[in-house]
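Have a look at the structure below, then the notes.
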Amino acid sequence: MSPSSSSSPPLKSSTPNTTRRRPKAMKPPKNHHKHHSDQTPIPKPKPNRLITEILWVSLVATCIKFLLIPAYHSTDFEVHRNWLAITHSLPLSQWYSDETSPWTLDYPPFFAHFEHFLSFFASLVDPIMVHLQQGLNYKSQPTILFQRLTVIVSDFVLVFGIYRLTRNSGYKERVLIWVLVIFSPGLMIVDHLHFQYNGFLLGILLISLSALEEGKDLLGGFVFAVLLCFKHLFAVAAPVYFVYLLRHYCRGGLIRGFGKLVIIGSAVVAVFAAAYGPFLYHGQIQQVFHRMFPFGRGLCHAYWAPNFWVFYIILDKVLAFSLVKMGFSVQTPTASFTGGLVGDSSPFAVLPRVTPMVTFSIVLLAIAPCLIKAWKDPQPRMITRWIAYAYTCGFMFGWHVHEKASLHFVIPLAIISLKSVEDAKHYFYLSIVSCYSLFPLLFEAQEYPIKVLLLLLHATLMWIGFSSHFTTTNRKAAESEQTRYNKTSFIVGWFGKLYLLGLVAVEIYGQFVHPIIFAERLPFLPLMMISIYCAFGMMYSWIWQLRQIVKCH
Amino acid sequence: MEKKTKKATKPSRDGSESNIWSFLTQKGTAASFICITLFAILVRIAVSIHPYSGAGTPPKYGDYEAQRHWMEITLNLPVKEWYRNSTVNDLKYWGLDYPPLTAYQSYIHGLFLRYFDPQSVELYTSRGYESYIGKLLMRWTVLLSDVLIFFPAVMYFIIVYYSGIHEGSKSGRLWHFAMILLNPCLILIDHGHFQYNCISLGLTVAAVSAILSDRDIVGSILFSFALNHKQMSAYFAPAFFGYLFGKCLKRRNPFLEVLKLGLAVLGTFTVLWWPYLYSVEAPFEVLSRLAPFERGIYEDYVANFWCTTSVIVKWKRLFSTQALRILSLVSTVSTCLPSMLLLILAPSRRNFLFGLLSSSLSFYFFSFQVHEKSILLPLLPASFLAIDEPLIFRWLTYFALLSMFPLLRRDELILPYIALYGLFVLLYNAPVQREDTRETRSPFTTLKYFAIACSLLLHIVYLMVTPPRRYPFLFEAVMMLLCFCQFFFVFMYTNMKQWELLKLSSQTVREKKNI
């Protein structure tokens, strides 16, 4: 900062040199950077130390989550409070038929049991919180504190998941992955501001993935079945699991393979029986499924998730507009694609109408290449990539997709982001785009700087982490193999920079320019721009992942 | 970002794997400083969503309303009227009682507020104005001041402080940066309770760094600014005076040097007080606002000498305010005198930092009308010494937090209190520093754990138990006693330390002569 300050005598030496040899034991020597307490490099760190370190990182994150308790929360807060009330005040047979509040229970039974478990503590904290009628829209301080705390505490499942996944990887990779997942801005926004339990659920997914990577297929399959009974949206990856387990676990000849199939099959059936059995017994099973799969909703969510259908809708609009210009008569659609299937009318003017069945087949078709790979050569090291890809397909082509669903593949992809420079680059874009697409969830002024800072911090950490990780490894490689140094180091290319700058431009337009030009009019335009712009990034990610999977062998 | 600190710190633990954590420092110090800065801003913003002091409590509200009211007054009245009682400026309702620079700052912030929310600073009608957007804007003014003044000042300090020391201590540097920036007390008071300490403290940090890099004139100007923002900055005055005076004495032409500094200070004061220099009475009118003697020698339960000993000696009953004023003046001067003399005799940089700590502590103990929040001032030099004296720094922070607990509880800031306390413990124990503290495990260990256990217990008791009806402030008094003991220990230690430094310096002088 100041040239003269460097020329001035060093601070410490201005005091008499004897400072350093003071006899007092009170002040230790100041050589913080060269301790040789651990003399030898230990390839596998002691689990104790590892646990301390991951706890350290996660506790720091917990402090931030703690600070965010009074921040804005969406109606999902009331949804979960209502579920606490339902599971606490009603017998199991009425859980899925209660209609006191519009926010009916629509997650699978294990999640209901989870709420039931929480409601026990909730009733101790504030009995009105779990009261079915009096509790409606109830928001006392203890209620907010309690519900936020349940999310914060249940996040430790995620920490355990990453711990399992990274305990055998190198020190540096491990730390970076922790930072990427535990400080994921997306999870912070969705779980700790918007209010949901994604950290907890993704934690279960990561535990399952870690088991598969270690070759413990039975455990992996079992945990995944449990996950499905917590949140059925994770079922998108079920085909991949099925093919992979069939080919990888059920090996060793016809009889042995069949035996294993029976084992794993019964494990899964047992899980599902535990979840749905009681409802079958009470004759509620149809009601449960009716709640879990509300196909009455539209193709898109109120705010369009940045996926393939955004392009489809836009194309339809453009076609309709140009056809009208050319003199054709085009009937304006009466239904909206965010609403349900109202009668027989299609929300599209020109293009064919999309039904849930269509989206379902497209998703399956998109996953197909990965299924073929898994069938031909089921490798544990590829499984995370495949699962993430399956969720990407679900996100891109699914029916009524929420923007939050992008977390389902962003978090698992963090685990493999350090496998190669290409992965790191891809992850860099993807996680920024996915986090940015979540911005509209928090629309109030108070949370605006929080979400921006979370994203900035994440991006900076990622950039620093990736670039130093890949330069160091490559310096070694460059010395030994004399490969080109630049080719493998982490650099954000000009196209990437342009795209990210575009994000900033879209944001600035939505926040500042749009209000000036249109004032209160066209409030959907900035949101639409975010969807469309992010959809490009998501599309890129999907294609990139597909190529990577097809290429890899 | 603490990740960053942590990373930075890790290499020390396993020398061979040092690359692992240093990936943040590897990319250059700038990148890691950016990370810590972003994190520090995030923490501040997250704290700022919590309530401020006096939220929704008419008729007097709290510090938030005071600051807003000053913006209203400075914006709507001519400069001469700011400190004068009138029909529109009722000095009993949060009249300005800080020096002119605070008033100018209020004016600038008032402009900012008026631009976005004119209602919030309208004369008279805006009293007790509270709104969602108003709160946000006010919070933003603090954040902006913090980022524009305190952050660069701390960065400057770190650069100066480490410009001479070994190159490799990047991780320690980062840790130190994080420790000063993420001081829980400062964040809680400025962004939770609502004040602008970041400005006066930031100016002080800048002054200290300028002086450490031998720019004495710039340093004294900056310190004059700090003094003119909050008169409490005078807590540091003996140290500044002692160090600069001692330094001048060692130069070839001491008189000239002193004259230069004196003129710089005088000039700064003249410029800042210019609007009030039109007559002889005007500056005194302002001055009388700055010294609120009528408020008594202490308020509430502050862990200083007067309040703590008042359990035994009823100062307020025994002496008149006039007598107490003299008493407090004499005791303050006499307690900070040793430290100042030591500084004049041995004006080394290290000694200067210790001198700042001991003089601010003696003011905290003995001066008139001290508030709990004043512990922020001793904390600042303690954080300068964080890497030299980690134990002292940690100790002071823990008990400073405890001493502010009743205040923060009144403000309903318990959540951020717990979170920042936890964050401080975590960041402090980021492994860079661990070895240093480990060595101090000596006879004091049991005592240390005992004090910590007491503090923990007091927190819980204070939250959970209703005090006996006869002694409604029993727990506050116990907290105050405990904190006073700890602060006093730190005070004694720093004075001892300065004494030691003097002995060392005279030793070297003798050695040099012998050679």
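So the sequences go chain by chain: R and B.
Quick note: the first sequence uses the UniProt record's numbering, first residue 1, plus one each step.
Quick note: the second sequence uses the UniProt record's numbering, first residue 1, plus one each step.
Even glycine gets a Cβ: it sits at the ideal position worked out from N, Cα and C.
Computed from a prediction, not measured in an experiment: that's the story for all the values here.
So for residue i, helix, strand or coil by DSSP?
{"i": "Y98 of chain B", "result": "coil"}
{"i": "Y124 of chain B", "result": "coil"}
{"i": "Y276 of chain B", "result": "helix"}
{"i": "Y298 of chain B", "result": "strand"}
{"i": "S97 of chain R", "result": "coil"}
{"i": "M462 of chain R", "result": "helix"}
{"i": "V354 of chain R", "result": "coil"}
{"i": "N253 of chain B", "result": "coil"}
{"i": "W103 of chain R", "result": "coil"}
{"i": "Y162 of chain B", "result": "helix"}
{"i": "Q105 of chain B", "result": "helix"}
{"i": "H32 of chain R", "result": "Any answer about H32 of chain R is weak, because its pLDDT of 40 lies below 50 and its placement is not dependable; what the coordinates show is given next. Three-state DSSP puts H32 of chain R in coil, outside helix and strand."}
{"i": "I387 of chain B", "result": "coil"}
{"i": "A303 of chain B", "result": "coil"}
{"i": "Q331 of chain R", "result": "coil"}
{"i": "S266 of chain R", "result": "helix"}
{"i": "T166 of chain R", "result": "helix"}
{"i": "H73 of chain R", "result": "coil"}
{"i": "N307 of chain R", "result": "coil"}
{"i": "D146 of chain B", "result": "helix"}
{"i": "W386 of chain R", "result": "helix"}
{"i": "residue 562 of chain R", "result": "Lying before the first or after the last residue shown, residue 562 of chain R is absent from chain R, which here runs from 1 to 553."}
{"i": "N351 of chain B", "result": "helix"}
{"i": "P523 of chain R", "result": "coil"}
{"i": "R470 of chain B", "result": "coil"}
Which residues in chain B sit within 7 Å of residue i, going by Cβ to Cβ distance?
{"i": "L309 of chain R", "result": "The displayed chain sequence assigns Trp, not Leu, to residue 309 of chain R. Within chain B, no residue comes near W309 of chain R; the closest Cβ sits about 34 Å away, beyond 7 Å."}
Give me the chain B residues within the contact set of residue i, using Cβ-Cβ distance strictly less than 9 Å, ordered along the chain.
{"i": "A390 of chain R", "result": "In chain order: nothing, as chain B lies at least about 30 Å away."}
Mind listing the chain B neighbours of residue i? Cutoff is C-beta to C-beta under 8 Å, in chain order.
{"i": "Q446 of chain R", "result": "I49, Y132 and L136"}
For residue i, which beta-bridge partners are listed by DSSP?
{"i": "V401 of chain R", "result": "R:C300"}
{"i": "V132 of chain B", "result": "First, the residue type needs correcting, since residue 132 of chain B is Tyr and not Val in the sequence shown. Answer by DSSP bridge pairing: none, since Y132 of chain B is not bridged."}
{"i": "V370 of chain B", "result": "B:Y298"}
Below 7 Å between beta carbons: does that hold for residue i and residue j?
{"i": "D106 of chain R", "j": "Q196 of chain R", "result": "no"}
{"i": "F194 of chain B", "j": "Y104 of chain B", "result": "no"}
{"i": "I411 of chain R", "j": "T384 of chain R", "result": "no"}
{"i": "A535 of chain R", "j": "P306 of chain R", "result": "yes"}
{"i": "L205 of chain R", "j": "L233 of chain R", "result": "no"}
{"i": "L402 of chain R", "j": "H301 of chain R", "result": "Leu is not the amino acid found at residue 402 of chain R; the sequence shown has His there. Against a cut-off of 7 Å, the Cβ pair of H301 of chain R and H402 of chain R comes out as a contact."}
{"i": "P239 of chain R", "j": "L371 of chain R", "result": "yes"}
{"i": "S210 of chain R", "j": "R164 of chain R", "result": "yes"}
{"i": "P369 of chain R", "j": "V550 of chain R", "result": "yes"}
{"i": "G219 of chain B", "j": "A207 of chain B", "result": "yes"}
{"i": "S106 of chain B", "j": "W70 of chain B", "result": "yes"}
{"i": "N228 of chain B", "j": "P416 of chain B", "result": "no"}
{"i": "V236 of chain R", "j": "G394 of chain R", "result": "yes"}
{"i": "F146 of chain R", "j": "A112 of chain R", "result": "no"}
{"i": "L154 of chain R", "j": "F200 of chain R", "result": "What sits at residue 154 of chain R in the sequence shown is Ser, not Leu. Yes; because the gap between Cβ atoms is below 7 Å, this pair is in contact."}
Residues of chain R with CB closer than 8 Å to the CB of residue i, please, in chain order.
{"i": "L244 of chain B", "result": "Those do not exist, as L244 of chain B stays about 15 Å from chain R at its closest Cβ, beyond 8 Å."}
{"i": "L42 of chain B", "result": "I64, I450, L453, L454 and L457"}
{"i": "L426 of chain B", "result": "W56, L59, V60 and C63"}
{"i": "A419 of chain B", "result": "C63, I64, F66 and L67"}
{"i": "A264 of chain B", "result": "Within chain R, no residue comes near A264 of chain B; the closest Cβ sits about 18 Å away, beyond 8 Å."}
Since residue i meets chain R, which of its residues come closer than 9 Å, beta carbon to beta carbon?
{"i": "G422 of chain B", "result": "L59, V60, T62, C63 and F66"}
{"i": "L361 of chain B", "result": "Within chain R, no residue comes near L361 of chain B; the closest Cβ sits about 18 Å away, beyond 9 Å."}
{"i": "C35 of chain B", "result": "L457, T460, L461 and I464"}
{"i": "L415 of chain B", "result": "F66, L67, I69, P70 and L145"}
Rounded C-beta distance between residue i and residue j? I'm assuming under 8 Å.
{"i": "A405 of chain R", "j": "W386 of chain R", "result": "Actually they do not touch by this definition, with Cβ atoms about 17 Å apart."}
{"i": "residue 602 of chain B", "j": "L212 of chain B", "result": "With chain B represented from 1 up to 515, any question about residue 602 of chain B goes unanswered, as that position is not in the structure."}
{"i": "F366 of chain B", "j": "T332 of chain B", "result": "4 Å"}
{"i": "I387 of chain B", "j": "V490 of chain B", "result": "Contact doesn't hold; Cβ gap of about 17 Å is too wide."}
Going along chain R, which residues have a C-beta under 7 Å from residue i?
{"i": "F39 of chain B", "result": "L457"}
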